[in-house]
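Undergrad:
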Amino acid sequence: MISANDAIRLKAVNHVTYNCTDKDRALRFWEDVLGIKQIPKQVNGEHLYWLQIPSGTMVHLIEHADGASAPSHHAAFEVDDIEAAQKHLREDKGIETTDISTRNDGQRAFYLNDTEGNRIEICTKSGFGVLV
Amino acid sequence: MTSTNGATRLTGVNHVTYNVKDKDKALLFWEDVLGIKQIPSQVQSDRIIWLQLPDGTMVHLVQNEAGPSVPNHHAAFEVEDIAGYREHIVSNDVEASEITTRKDGQQEFKFYDPEGNQIEICTKSGFGILV
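Order-wise, the sequence lines are chains A and B.
Position 21 of the first sequence, counted from 1, bears residue number 21 in my numbering, the numbering being contiguous throughout.
Numbers given in my numbering equal positions in the second sequence, counted from 1, plus 1000.
Next up, the structure:
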């Protein structure tokens, strides 16, 4: 077991990265289609954008000649009304998504790809609480 | 601008995945070195291991012959005592970058798991919720 005490325990996710070959094309998709808004980045790199979701967690879009992120790396984003979110993406935005599937804990999820070929999961909250 | 209303707005991250070639070897590192604990998986697949952080967010280790996740895909995990955590990581014979500071005062360092996945450890961001 880890000998770390509470002050050196990893407690939350600050951000996840998504690699993309065209950061401006990716930003349009992430902002306009997914509705995740850009915020001021706190680094000097020209090859990345910072976005934030209401929980405070960030998404960093990183331009990279070898993007997208592979092989099937993804983050899963929580939404309150998953049917409406899927309908919005399919009908208002013309995005192809998988059907909604259900996990053992009752959590429901579907997947789509961004313009860069990155996999994105949209899901409801998990059916269990905090177990750790 | 997006037309998503409150109920279809993406509100949080539920989990992030890390691709690994050997899920059991990866689990040893993620549990014993990183201190992120395993929880029961809620899917039938034998190639996935689920872990959880104290805020409820999960990490899913996904066995995949093409793993690790590339080119530099990573998640950043928050910790209170970043110097203490780096000391802990280095004491486990893991090579880690030096701690650097971003414009908002956030400190961070990075290293790789045995599968070649990049992991970032950081303090909380210096700004609040901006969206």
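Glycine residues also receive a C-beta, built at the ideal position from the N, C-alpha and C atoms.
As the structure is a computational prediction, the values presented were derived from the model and not from experiment.
(1) Using C-beta distances below 7 Å, list every residue in its chain close to glutamate 1031(B), excluding the 5 sequence neighbours before and after it, in chain order.
(2) Are three or more beta carbon pairs between the segment 32–45 of chain A and the segment 1007–1027 of chain B nearer than 8 Å?
(3) Give the straight-line distance between the Cα atoms of cysteine 123(A) and glycine 45(A), rounded to the nearest whole angstrom.
(4) Does any CB atom of chain A fall closer than 9 Å to the CB of tyrosine 1112(B)?
(5) What residues of chain B sit near glutamate 193(A), judged by a beta carbon separation below 9 Å?
(6) Do leucine 10(A) and glutamate 1061(B) come within 9 Å of each other at the CB atom, strictly closer than that value?
(7) Taking 9 Å as the threshold (C-beta atoms), are isoleucine 62(A) and asparagine 19(A) in contact?
(8) Please confirm whether isoleucine 1119(B) and isoleucine 1082(B) have their CB atoms less than 9 Å apart.
(9) If you check the beta carbons only, do valine 13(A) and valine 1013(B) fall under 9 Å apart?
(10) Could you check what DSSP says for phenylalanine 29(A) in three-state terms: helix, strand or coil?
(11) Around the Cβ of lysine 1023(B), are there at least 16 other Cβ atoms within 10 angstroms (buried) or fewer (exposed)?
(12) What's the call for proline 1068(B), buried or exposed, on a 16-neighbour Cβ count within 10 Å?
(13) Within the continuous alpha helix (DSSP H) that includes valine 1090(B), where are the two ends?
(14) Could you check whether glycine 127(A) and glutamine 1107(B) sit closer than 9 Å to each other, using their CB atoms as the reference points?
(15) Could you give the distance in angstroms between the alpha-carbon of tryptophan 50(A) and the alpha-carbon of alanine 1075(B)?
(16) Bridge partners of phenylalanine 1077(B), per DSSP?
(17) In whole angstroms, give me the CA-to-CA distance for alanine 1096(B) and lysine 1021(B).
(18) Using 8 Å for Cβ pairs, my map puts threonine 21(A) next to glutamate 116(A). What's the rounded Cβ distance?
(19) Counting only C-beta atoms, is arginine 1047(B) closer than 9 Å to chain C at any point?
(20) What are the residues that DSSP puts in a beta bridge with serine 101(A)?
(21) Going along chain B, which residues have a C-beta under 9 Å from threonine 17(A)?
(22) Based on DSSP bridge pairs, tell me the residues matched to leucine 1061(B).
(23) Report the three-state DSSP secondary structure of methionine 1001(B) (helix, strand or coil).
(24) Would you kindly report the start and end of the unbroken alpha helix (DSSP H) that includes isoleucine 82(A)?
(25) For leucine 1053(B), return the contacting residues in chain A, with the cut-off set at a CB-CB distance below 8 Å.
TA: This is what the structure gives:
(1) Within the second sequence, residue 1031(B) is the residue found at index 31, counting from 1. Lys1037 and Gln1038.
(2) yes
(3) The count along the first sequence starts at 1 and reaches residue 123(A) at position 123. The count along the first sequence starts at 1 and reaches residue 45(A) at position 45. Computed Cα separation, rounded: 31 Å.
(4) For the purposes of this step, residue 1112(B) is taken as the residue at position 112 of the second sequence. So no, tyrosine 1112(B) is outside the interface.
(5) Lying outside 1 to 132, the shown extent of chain A, residue 193(A) is not represented and no answer is given.
(6) Start at 1 with the first residue of the second sequence, and residue 1061(B) comes out as number 61. Start at 1 with the first residue of the first sequence, and residue 10(A) comes out as number 10. What sits at residue 1061(B) in the sequence shown is leucine, not glutamate. No, the pair does not count as a contact, with Cβ atoms beyond the cut-off.
(7) To locate residue 19(A), count along the first sequence from 1; it is residue 19. To locate residue 62(A), count along the first sequence from 1; it is residue 62. It is a contact, given that the beta carbons lie within the stated cut-off.
(8) Residue numbering aside, residue 1119(B) sits at position 119 when the second sequence is read from its first letter. Residue numbering aside, residue 1082(B) sits at position 82 when the second sequence is read from its first letter. No, the pair does not count as a contact, with Cβ atoms beyond the cut-off.
(9) Within the first sequence, residue 13(A) is the residue found at index 13, counting from 1. Within the second sequence, residue 1013(B) is the residue found at index 13, counting from 1. In contact: valine 13(A) and valine 1013(B) (Cβ atoms closer than 9 Å).
(10) Here the question's residue 29(A) lines up with position 29 in the first sequence. The answer is helix: DSSP assigns phenylalanine 29(A) an H, G or I state.
(11) In the second sequence, the residue the question calls residue 1023(B) occupies position 23. It counts as buried.
(12) Taking the second sequence and counting its residues from 1, one reaches residue 1068(B) at position 68. Proline 1068(B) should be labelled buried.
(13) Residue mapping note: residue 1090(B) aligns to position 90 of the second sequence, counting from 1. Counting along the chain, the alpha helix (DSSP H) containing valine 1090(B) begins and ends at 1082–1090.
(14) For the purposes of this step, residue 1107(B) is taken as residue 107 along the second sequence, with counting starting at 1. For the purposes of this step, residue 127(A) is taken as residue 127 along the first sequence, with counting starting at 1. No, these two residues do not count as a Cβ contact at 9 Å.
(15) In the first sequence, residue 50(A) corresponds to position 50, counting from 1. In the second sequence, residue 1075(B) corresponds to position 75, counting from 1. Their Cα atoms are separated by approximately 14 Å.
(16) As a working mapping, residue 1077(B) is identified with position 77 in the second sequence. According to DSSP, phenylalanine 1077(B) bridges with Val13(A) and Ile1121(B).
(17) Here the question's residue 1096(B) lines up with position 96 in the second sequence. Here the question's residue 1021(B) lines up with position 21 in the second sequence. Roughly 22 Å between the two C-alpha positions.
(18) Residue mapping note: residue 21(A) aligns to position 21 of the first sequence, counting from 1. Residue mapping note: residue 116(A) aligns to position 116 of the first sequence, counting from 1. With 8 Å as the limit, threonine 21(A) and glutamate 116(A) qualify as a contact, their Cβ atoms being about 6 Å apart.
(19) Given the protein chain composition of this structure (A and B), no chain C is represented.
(20) The residue given as residue 101(A) occupies position 101 in the first sequence. Per DSSP, Ala109(A).
(21) In the first sequence, residue 17(A) corresponds to position 17, counting from 1. The answer, in chain order, is Asn1072, His1073, His1074, Ala1075, Ala1076, Gln1118 and Glu1120.
(22) Looking up residue 1061(B) in the second sequence gives position 61. Paired residues: Tyr1018(B) and Ile1049(B).
(23) Here residue 1001(B) refers to the residue found at position 1 when the second sequence is read from its first residue. Because the pLDDT of methionine 1001(B) is 40, which lies under 50, any placement of that residue in the model is unreliable, and the number read from its coordinates should be weighed accordingly. Three-state result, methionine 1001(B): coil.
(24) Taking the first residue of the first sequence as 1, we reach residue 82(A) at position 82. It spans 82–87 - the alpha helix (DSSP H) in which isoleucine 82(A) sits, taken as one unbroken run.
(25) If you number the second sequence from 1, residue 1053(B) lands on position 53. The contacting residues are Leu10, Lys11, Ala12, Val13 and Val132.
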